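If you're matching positions, the sequence shown starts at 251 in the working numbering and goes up one per residue.
Just so you know, even glycine gets a beta-carbon here, dropped at the ideal spot from N, CA and C.
Keep in mind that this is a model prediction, so the values were computed, not measured.
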Amino acid sequence: MTHYVSVLVPMATGGWRALLPDLPGYQAEERSLDLAILPASGFLAQVTRLGSEIPAPRPLAFIKLDTDWASSRDIDWSHSVVTMIPVHG
């Protein structure tokens, strides 16, 4: 089974922003951490069901080394939550 890293960032206005670093266009904002994780899982399931090609997932260590990605999204790793989103297929 393949897993993608999801980075969840607390928003100043409350709630959470979920990002999939390996799919740069993906972003979801929800009022709770649990709710922010759900759309990412559904998005990945839909993309794979449609047979769309998606980049291979990178390990978290590689994502953290991508300082351009993190700084352009105001990622503060000390306040962010990282979770793994499984892709069945």
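When the beta-carbon positions are compared, Ile313 and Val255 come within less than 8 angstroms of each other. Straight across, the Cα-Cα distance linking Ile287 with Asp318 is about 23 angstroms. Our two residues, Leu315 and Thr252, have alpha carbons roughly 21 angstroms apart in a direct line.
Burial check for Ala290: the Cβ neighbour count within 10 Å reaches 16 or more, so the residue is buried. If you draw a straight line from the Cα of Asp272 to the Cα of Ile335, it is about 12 angstroms long.
Between Val257 and Trp266 the beta-carbon gap is near 10 angstroms, outside 8 angstroms, which marks them as no contact. Cβ-Cβ distances below 8 angstroms link Val332 to Val255, Ser256, Val257, Leu258, Leu310 in the same chain, with the five nearest sequence neighbours on each side left out; the list follows chain order.
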